[in-house]
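Residue numbers (the working numbering): 574 to 722.
Using N, Cα and C, we set each Cβ at its ideal position, and we do this for glycine too.
Predicted model, so just to flag it, every value in this text is computed and none were measured.
See below for the structure under consideration.
Okay, structure coming up:
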C-alpha cells in the first residue's frame with residue numbers, strides 16, 4: 574500500500590456535490606492499493622498513520638501522534654499513486670490492485686484505525702471525489718508498506 578499523508582487543519586471530501594466526510598486537525602491520507610497487498614499491509618499502514626509523531630508537543634516539537642492528540646484520519650482511495658510514469662506520457666497502472674481486491678483492504682485499514690479509537694472519514698471507493706484541505710505546516714509524508722521510500 575502506498576500513501577501520501579498530509580497534516581491538515583481541516584479537510585472535506587465530497588461525491589456528486591454531497592459531503593461524505595469532514596474533519597479538523599488530523600491526517601488526510603491518499604491511499605493506493607498495490608496488486609500484492611495483503612490484510613497485513615492494511616494493518617501496518619493503519620498503525621503507521623495513527624502512530625506517526627507529526628503533531629507538536631508543548632515545546633513545539635513534532636512528537637505527538639493522532640492517538641495522543643485525538644485527531645481525525647481521512648482516507649481517500651487513489652489508485653493513481655501506483656501509476657508508473659517511466660515510459661511514455663500516459664501512466665500505466667499495472668501495479669494497482671483490482672477494485673474488488675483494493676476496496677476490502679481499504680475498509681480493513683479504516684476499521685483498524687477505528688478500533689484503535691481514531692475518528693475516520695472517507696470518500697466513496699471508485700467515485701470521482703472532490704477533496705478540499707488546508708495543510709498544516711505543511712507536513713507531507715510518503716509511505717509505502719513495501720518500504721520503497
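Assuming residue i contacts residue j under a Cβ cut-off of 8 angstroms, what Cβ separation, rounded to an integer in Å, is found between them?
i, j, result
"residue 519", "residue 625", "Not covered by the structure: residue 519. The range shown for the chain is 574 to 722."
"residue 582", "residue 597", "7 angstroms"
Is the beta carbon of residue j closer than 8 angstroms to that of residue i?
i, j, result
"residue 576", "residue 716", "yes"
"residue 686", "residue 622", "yes"
"residue 693", "residue 648", "yes"
"residue 654", "residue 605", "yes"
Classify residue i as buried or exposed, calling it buried when 16 or more other Cβ atoms lie within 10 Å of its own Cβ.
i, result
"residue 614", "buried"
"residue 610", "buried"
Counting only the same chain and skipping the five closest in sequence on each side, list residues whose C-beta sits under 7 angstroms from that of residue i.
i, result
"residue 709", "580, 581 and 582"
"residue 697", "588 and 593"
Closer than 6 angstroms by C-beta to residue i: which residues in its own chain qualify, once you throw out the five before and the five after it? Chain order, please.
i, result
"residue 722", "715"
"residue 718", "574, 614, 617 and 618"
"residue 642", "628"
Worksheet entry | the region 589 to 604 in contact with the region 660 to 673 per 3-pair CB rule at 8 angstroms | no
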